[in-house]
Every structure is written in structure tokens, then in C-alpha cells.
Amino acid sequence: MYASMHENEALDAARAIAQSTRRGNDISTAVLEEQICAEAGLWEPAAARRALDQAHGDPAHAVSILRVWAATQPHLHALTVQPEDVVLTRRLSSAYPQIPGGQWLGFAPELIARQLDWTPTPDVSDSPPAAADQDPLTADAPAADAPRRVETLRVRDLIQGAPTVTPPADGAGDDPARAVLVPPHSRPNRLALLTRGETGALVALAAMILGRRQEAVLVELSVAVATVRIHHPRSGIPVAVVELPITEVEVVLDAEVEGRPGLALGWGATLGTVERRAIALALLDAAILADGDLAEPLTLDEQTIIAATDGPATNGFVEHLRLPHYAGFTAYLSQAASKEQR
Numbered sequence: 001m002y003a004s005m006h007e008n009e010a011l012d013a014a015r016a017i018a019q020s021t022r023r024g025n026d027i028s029t030a031v032l033e034e035q036i037c038a039e040a041g042l043w044e045p046a047a048a049r050r051a052l053d054q055a056h057g058d059p060a061h062a063v064s065i066l067r068v069w070a071a072t073q074p075h076l077h078a079l080t081v082q083p084e085d086v087v088l089t090r091r092l093s094s095a096y097p098q099i100p101g102g103q104w105l106g107f108a109p110e111l112i113a114r115q116l117d118w119t120p121t122p123d124v125s126d127s128p129p130a131a132a133d134q135d136p137l138t139a140d141a142p143a144a145d146a147p148r149r150v151e152t153l154r155v156r157d158l159i160q161g162a163p164t165v166t167p168p169a170d171g172a173g174d175d176p177a178r179a180v181l182v183p184p185h186s187r188p189n190r191l192a193l194l195t196r197g198e199t200g201a202l203v204a205l206a207a208m209i210l211g212r213r214q215e216a217v218l219v220e221l222s223v224a225v226a227t228v229r230i231h232h233p234r235s236g237i238p239v240a241v242v243e244l245p246i247t248e249v250e251v252v253l254d255a256e257v258e259g260r261p262g263l264a265l266g267w268g269a270t271l272g273t274v275e276r277r278a279i280a281l282a283l284l285d286a287a288i289l290a291d292g293d294l295a296e297p298l299t300l301d302e303q304t305i306i307a308a309t310d311g312p313a314t315n316g317f318v319e320h321l322r323l324p325h326y327a328g329f330t331a332y333l334s335q336a337a338s339k340e341q342r
């Protein structure tokens, strides 16, 4: 069990977002719409819902429809999201029981009980229809005093004593929706492409890599509501145009640093609250930082192929990183630090 949980306005905001995913009393397809938006690289749940209907429930086809539609829309340059515009609604670490600012477990759709509920669905025919332009995932804004990213220290700053892989210098990167990105990719471009990857493929690759690592720990997972701003077309003053949910994850994998045991810190972020996407992205980023072109062999034998195509089992393997790994991570850090001192 997590050692510290804060009952505060952040949890209230998370519960409000969870409740807003219901249309009347009927549970909506909001999580699937989030996944479609993330894979399309576009946050527009209403369009994702319409694309899913047009695709007769085929998520991959819906993503394709949404990308084609987005390409026909005018594009405006968005300003870099500032930490003060990111309000945390869920935050945890499996590396340390006590982290600066505490852990907020909040609401996670992926942690809903997996038992099939045969309770009859209430009749919602008399419920008033939702406004066509209302985003069901952001209808309720977080409370004004909810914690913000700018005032919350990063858990990665607690890691001391172990050598770490130095990541390449980051730049602004390019938008894969507006440019054809060709290899070799910079880290920002690689992350941008992976962020629009198919969820099942990302999780399957991450699971295959995870099964061959000595150490893999989720350093910090946070779900937040981010405010996106653009320059006003007339005045040039930055104005807020949308609030959207994002999930950000940092993980560490074992790595060899100058011949000694060390760590590679990976980062991943995705639109929406599908946490396994962000966890998989961070694992892939860390593995590439640790091994370059993934030097570890991935033998496509029968067992590997079957494991990679078993979606529910693969999801659980990646999602288990959210559980506490305090003792194991502390032991690995001590081992790495002691070898560095020799």
C-alpha cells in the first residue's frame, strides 16, 4: 500500500473528471475516445466519437478517419505548455514511499474492477442530451487550489548515487502531423512519433523489453489537466483555448554507464488518461537511451509471439509497474552506488 495519500482538492478534481465521463447514467466510451485521440495526435473527443461511429466501432479505422479530418483543418501554433498551467489530479511513484508533495492515487479508469457487472443499466431515455459542443472529459475544471506542476518537485531528483545515461540535448522537435519525419530521428521527433503509436503495439513492445531487464521502476506517474494557449491573432496576447487531460510518466531501466551498472531515465506522455500508453512510451524511451538501437535481441520464438499478442496479459505486465517497488529499487541503487565507489 502506498505510504502517503492526501485527501485534497486534487482528488475531488479527479473524481469530477471521472464522473463527467458518464452521459446521463450510462457509462460512455470515453476511455476508447481518449485512446483514439491519442493515436490520432488530436484532442477532439466529439470528432473521435463520430469517427468511431462511422468506422462501425473499428478503432484503427477511426484513427485514420480522424487524422484525415485533422489534415483538412487550419493549424495554429500553440505555445509551450508552462508548468503553472498543469494541474495535477493523480500522482504516484513506485520507487519511493515518501515523495515531495505526497502521492495522490486519484481515479484511474484502468483500475476499475475486471469482474463483469450484470446490474441492469438504468434507463437514460429521459435524461437530457449533452450539449454537442461539450467535451465530456473536461466539462468540470479542477479546483483552483489543486496542486500544480510548477510547485511539485520531480521524483527523479531523489535518485542519487547511481550513474545515469546522459540523454541527448532536446530541441523543439517537429510536428509529425505537418511534416514527414525521416530517420535518423532526434529524441523529440522519436517521442512525437511514438506518442501517436497504436496502443497495443506500444504495450507489446514495452512488455517484451521489460521481460529482459534486470531493473525497471516507475519513478513518477502523473495525470493532469493542461491549459493550452495561443497568441491572439489580433492582439498577440497569449490566450487559453483549451484544457485537456494528459498523462506523463518517468521510468528507470538498468543500463551500463562507462562499464558500471547504472540507470537510464525514460520519459513518455500522452493525451488522455490511458496510463499504460504513457508507461509503455517511457519504457521504450529508456530502452533506446540505454541500448541505442535496442542491442538486446528480441527472438521472435513461439512463446514471445504468443505473449506479445495476448493483450490482457501484456497490459497487466506493463501496468504492474504502478505497484510499489521500494525495496527492490533501493537494493539496486545501493548495488550501483557501491560498484561506482570501487
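Using UniProt numbering, you'd call the opening residue of the sequence shown number 1 and step up by one each time. By construction, the Cβ of each residue, glycine as well, lies at the ideal position given by its N, Cα and C atoms.
Contact set for residue i: own chain, Cβ-Cβ below 6 Å, skip 5 residues either direction
i, result
"Met1", "Interpretation of Met1 is limited by its pLDDT of 31, a score under 50 that renders its predicted location unreliable; the figure taken from the coordinates is listed afterwards. Once the five neighbours on either side are set aside, Met1 has no close Cβ partner at all."
"Asn8", "Confidence at Asn8 is low in this model, with a pLDDT of 49, below 50, so its placement is unreliable and no value can be given for it."
"Ala240", "Thr227 and Arg229"
"Val52", "At residue 52 the sequence reads Leu, which differs from the Val that was named. Answer for Leu52: Ala62, listed in chain order."
"Ala286", "Val251, Leu253, Ala264 and Gly266"
"Gln115", "none"
"Pro120", "none"
Start and end residues, alpha helix (DSSP H) containing residue i
i, result
"Ser64", "Pro59 to Ala71"
"Ile288", "Glu275 to Asp291"
"Arg91", "Arg91 -> not in any alpha helix (DSSP H); beta strand (DSSP E) instead, spanning Val86 to Leu92."
"Arg49", "Pro45 to Gln54"
DSSP bridge partner residues for residue i (one or two, in chain order)
i, result
"Asn118", "In the sequence under discussion, the amino acid at residue 118 is Trp, which differs from the Asn named in the question. Trp118 is not bridged to any residue."
"Ile209", "DSSP, once it has assigned bridges, lists no residue as partnering Ile209."
"Asp254", "Leu263"
"Thr270", "Thr247"
"His231", "Pro238"
"Ser222", "Arg91 and Glu248"
"Val217", "Val252"
"Thr166", "Partner(s): none; Thr166 has no beta bridge."
"Ala78", "Ile230"
"Arg148", "Val87"
Endpoints, beta strand (DSSP E) assigned at residue i
i, result
"Arg187", "Per DSSP, Arg187 belongs to no beta strand (DSSP E); it is in the alpha helix (DSSP H), Arg187 to Thr195."
"Val182", "First-last for Val182: undefined, no H or E at that position."
"Val31", "No beta strand (DSSP E) holds Val31; the alpha helix (DSSP H) holding it covers Ala30 to Ala40."
Neighbourhood of residue i by C-beta distance below 7 Å, restricted to the same chain and skipping five residues each side
i, result
"Ala282", "Val249, Glu250, Val251, Gly266, Trp267 and Gly268"
"Ile27", "Confidence at Ile27 is low in this model, with a pLDDT of 43, below 50, so the placement of that residue is unreliable and no value is reported for it."
"Gln134", "For Gln134, the predicted structure reports a pLDDT of 47, less than 50, and the residue's modelled location is therefore unreliable. A value from the coordinates is still provided. Excluding residues within five positions, none has a Cβ falling inside 7 Å."
"Val63", "Ile36, Glu39 and Ala40"
"Tyr96", "Val155, Leu158 and Tyr326"
"Ala255", "Val165, Gly262, Leu263, Ala264 and Ala290"
For residue i, the nearest candidate out of the options (CA to CA)
i, options, result
"His325", "His232, Leu202, Ala204 and Ala216", "Ala216"
"Ala224", "Arg91, Ala177 and Asp254", "Arg91"
"Ser334", "Leu52, Phe317 and Gln160", "Gln160"
"Gln98", "Gln115, Leu158 and Pro120", "Leu158"
"Val219", "Glu256, Ala201, Val318 and Arg322", "Arg322"
"Ala204", "Pro176, Ala192 and Thr314", "Thr314"
"Ala206", "Phe317, Leu271 and Gln35", "Phe317"
"Gly173", "Pro163, Arg190 and Leu116", "Arg190"
"Gly292", "Glu275, Val257, Thr273 and Glu198", "Val257"
"Asp85", "Trp69, Arg148, Pro100 and Leu116", "Arg148"
"Ala71", "Gly197, Leu116, Leu42 and Leu221", "Leu42"
"Leu284", "Gly211, Thr89 and Gln54", "Gly211"
"Gln214", "Trp69, Arg50, Ser93 and Ala331", "Ala331"
"Pro83", "Ile65, Arg196, Glu151 and Val242", "Glu151"
"Trp104", "Trp118, Leu88, Pro74 and Thr119", "Leu88"
"Glu34", "Arg260, Gly259 and Leu244", "Leu244"
"Gly259", "Ala162, Gly197 and Leu153", "Ala162"
"Asp301", "Asp117, Pro74, Phe329 and Met208", "Met208"
Residues near residue i by beta carbon distance below 8 Å, same chain, minus five either side
i, result
"Pro167", "Arg187, Leu265 and Leu289"
"Asp126", "With a pLDDT of only 48 at Asp126, under the threshold of 50, the placement of this residue in the model should not be trusted, and no figure is reported."
"Leu193", "Pro176, Leu181 and His185"
"Glu319", "Glu110, Glu275, Arg276 and Ile279"
"Ala132", "A caution first: Ala132 carries a pLDDT of 44, below 50, which makes its placement in the model too unreliable to give a value."
"Gly171", "Ser186 and Pro188"
"Pro238", "Leu79, Arg229, Ile230, His231 and His232"
"Ala336", "Gly161, Ala162, Pro163, Arg260, Pro261, Gly262 and Leu263"
Below-9 Å beta-carbon distance, residue i vs any chain D residue
i, result
"Val257", "The chain labelled as chain D is not found in the depicted structure, where only one protein chain is given."
Specify whether the segment 225-236 and the segment 64-78 touch according to this definition: at least 3 beta carbon pairs, one from each stretch, less than 8 Å apart. yes
Any contact between the segment 268-280 and the segment 174-189? By contact I mean 3 or more CB pairs, one from each, below 8 Å. Flag = no, the segment 268-280 and the segment 174-189 do not touch.
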